[in-house]
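Read in order, the letters of the sequence shown are residues 1055 to 1342 in my numbering.
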Amino acid sequence: MDAEGISMEGFKQAFVKGNMFASGIAVDYGASTIVAKPGNTADHRNGTDVPTSRKSHVVSTHSLAPGLTAGQRIPSVKVLSQADARPWHLQELLPSNGCWRILFFTGDVTQTSQREKLATIGRALNSDASFLRRFTPPNPGGRCDAVFELLAVHSAPRHSVTIFDFPEVFRQFTELDGYDYGKIFVDDVSYHEGFGDLYKNFGIAAEGCAVILRPDQYISFVGPMEDVAALDTFFSGFMREQVVSNGGLLSPGLEMKGVTASNGEMVDRDEDKHAGTPMAQTANVLVA
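Here's what the structure looks like:
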C-alpha cells in the first residue's frame, strides 16, 4: 500500500484482468458437451439443450493443474523443443487449424513411474480401439493427426532424454517426411530466453496430467496423464467413428445430439438407441 492508499498488487491484478477483457480472452465457458467441468448445460441459457449421458460424461480434476481451468483459454508460457532447444511460446504451437489437441504434461520422464505411464499411453493410443484411431479418417502410410494433435511437455533436463524415449505416437514417421520432431517439448532453461517454468506456473503436480484443448485453444478437460479411457469417454460424447464408403469418401458430416445433420435430417436424441456410439464427426473432416 503506497502513500495514496493504493495497493500495487491490486492495481496489477486489475490491469491484468482489464487486459484480458480487452484482448477477448477473459471468457469462461460453462459446462457443456465439450467443456468437462461441474455444472448443468441447461443452467447457462445459451440456446442449447444437449443432454449429456452419464456414460459419456467426465469432469476435470482441477487439483492436477490449478493454473489450468476448464472453460478458459490456456495461458502461454515458453517451452523448448526437445529436438533442437528452440524456445516457443505455447500458443505458437496451437494454430487455429481445426485440430483438437491433447497435451500430455508427462513430468520427469527419467523417473520409472512416469516412463511406465508413458508406455501405457503409447499402448492405449496405438490400439485400433482408441479414440485416436476411431475418430480419425483413414490415412494409410500417413500420419494420424488430421483430427487430433498430440503434444508432450516433460520436465526432465532436456539433455537427459531424447525423442526416442517417448512412444511412437509422439514422433510419427512417414516415408515422405521422416520423423516428426515437432510434438515433444520440455520445460527447461533456454540458452538465451530464460525459463518459462511452465510446471510451476500451471501448478502441475509431479505425476503430470493430460489436457484436452478445443480448436480455439480453450481448455475442455484436465485429467490424469495416463487415463486414456477418460479421453476416450470425452470424445465419444460428441464424435462419430470414421467409416469409408461412397467410393472412398467419408460418411456423413458433422452431427450433434439433437441438432441438424449435414444432410438436413434431425439427429435422433434417443440415448439408449445410440448407447456407446459416438454422435458427431469433427468439423474438419471431408464430408461425403
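Note that CB positions come from ideal geometry on N, CA and C, so glycine has one too.
Among the residues of its own chain, which have a CB less than 7 Å from the CB of residue i, if the five just before and after it don't count?
i, result
"Q1126", "D1082, Y1272, I1273"
"Q1168", "T1160, G1161, D1162, G1262"
"V1089", "Y1083, A1124, G1125, S1274"
"G1072", "none"
"A1085", "K1091, P1092, G1093, N1094, T1095"
Would you say residue i and residue j are within 8 Å of each other, going by their C-beta atoms?
i, j, result
"L1157", "R1212", "no"
"V1348", "F1275", "Any property of residue 1348 remains undetermined from this structure, which presents the chain solely from 1055 to 1342."
"T1115", "G1236", "no"
"Y1253", "D1241", "yes"
"E1247", "K1132", "yes"
"P1221", "L1148", "no"
"D1286", "F1185", "yes"
Tell me the DSSP secondary structure of residue i in three-state form.
i, result
"R1212", "helix"
"I1060", "coil"
"E1203", "strand"
"F1069", "helix"
"A1260", "coil"
"L1252", "helix"
"R1127", "strand"
"G1227", "Reading off the sequence, residue 1227 comes out as Phe, not Gly. If DSSP states are grouped into helix, strand and coil, F1227 belongs with the strands."
"G1176", "helix"
"I1079", "coil"
"H1111", "coil"
"H1116", "helix"
"K1171", "helix"
"S1290", "helix"
"V1243", "strand"
"F1158", "strand"
Out of the options, which has the shortest C-alpha to C-alpha gap to residue i?
i, options, result
"L1144", "F1249, A1283, M1293", "F1249"
"T1174", "M1293, Y1253, V1223", "V1223"
"A1137", "L1186, N1255, A1206, F1256", "A1206"
"S1117", "E1170, F1256, F1075", "F1256"
"V1282", "G1232, S1214, S1181", "S1181"
"G1121", "D1286, D1251, T1287, R1140", "D1251"
"S1150", "G1232, R1268, F1227, C1198", "R1268"
Closer than 6 Å by C-beta to residue i: which residues in its own chain qualify, once you throw out the five before and the five after it? Chain order, please.
i, result
"R1188", "E1295"
"I1258", "A1119, F1159"
"A1210", "D1162, V1163, T1164"
"I1266", "I1156, S1274, F1275"
"A1284", "V1112, G1277"
"E1063", "none"
"A1080", "M1074"
So, is residue i buried or exposed, given that buried needs 16 or more other C-beta atoms within 10 angstroms?
i, result
"V1339", "Bear in mind that the predicted position of V1339 carries a pLDDT of just 37, short of 50, making it unreliable; the figure below should be weighed with that in mind. Classification of V1339: buried, given that the 10 Å Cβ count is 16 or more."
"G1059", "exposed"
"A1183", "exposed"
"P1192", "exposed"
"T1216", "exposed"
"V1070", "exposed"
"E1280", "buried"
"L1066", "First, the amino acid is wrong: residue 1066 is Lys here, not Leu. By the 10 Å Cβ count, K1066 comes out exposed."
"P1092", "exposed"
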